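**Student:**
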Amino acid sequence: MKIPVVLSVVHVAIDADGVMTVDVDGVTRDSGQCRTRGDLRAVIDEITSELGAPVRVEVREADGSTYADIATPPEAPAPEAAEPPPNASTPALAGAGFQPGEEVALAYVVARQNADAEGNASLNLPPALLAATRGGLVLLGMSSRTVTPFEAPA
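Those letters in the sequence shown? Residues 5 to 158, per the numbering used here, in order.
#1: Between Ile-74 and the ligand ZN, is there a pair consisting of the residue's CB and a ligand heavy atom that are separated by less than 7 angstroms?
#2: By the 10 Å Cβ neighbour count, where 16 or more other Cβ atoms means buried, how is Pro-104 classified, buried or exposed?
#3: Excluding five sequence neighbours on each side, which residues of the same chain lie with their C-beta closer than 8 angstroms to the C-beta of Cys-38?
#4: With a 10 Å radius around its C-beta and 16 neighbouring C-beta atoms as the bar for buried, classify Pro-77 as buried or exposed.
#5: In three-state terms, what does DSSP make of Leu-110?
#6: Cβ atoms of Leu-55 and Ser-12: under 8 angstroms apart, would you say?
Printed below as a string of structure tokens:
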């Protein structure tokens, strides 16, 4: 999923009767039908699917309370898998240097940072970025702490 530098903002105003009005970056979104609070998820899914990117959602209730969150496009259903040819092998990730019987995890590197002079590092990432696929994979030995990097081919 491609994450834009600046997210579009979806403003949702819900009146005392539960009827909502929606705009995307200030452009009113009129579906021609009365949408209520119960339709919020469907409306957000529709918008994120059309944009193909995450959005910031700001909801204002009739009592003045507000809520904000980041919404990502819903995952598309996986297409029907065709039967692989009989002699085709399934690609696998492999690593060496682990202890016999050790649990090995597959980790996804979202960001990298150098530690400071005291050996400390801290990363703050938006939730939408955590859902995205970026960087490289590593195999991590859970007890030996052995790490085997695996860079996905371009």
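Ideal Cβ positions, reconstructed from N, Cα and C, are used throughout, including at glycine. On a predicted model such as this, the values are computed, not experimentally measured, just so you know.
**Tutor:** Straight from the coordinates:
#1: Absence of the ligand ZN from the depicted structure is noted, as is the absence of any ligand whatsoever, leaving it without description.
#2: Pro-104 sits exposed, since fewer than 16 C-beta atoms from the chains shown fall within 10 Å of its C-beta.
#3: Val-23
#4: Flag for Pro-77 reads buried.
#5: strand
#6: yes
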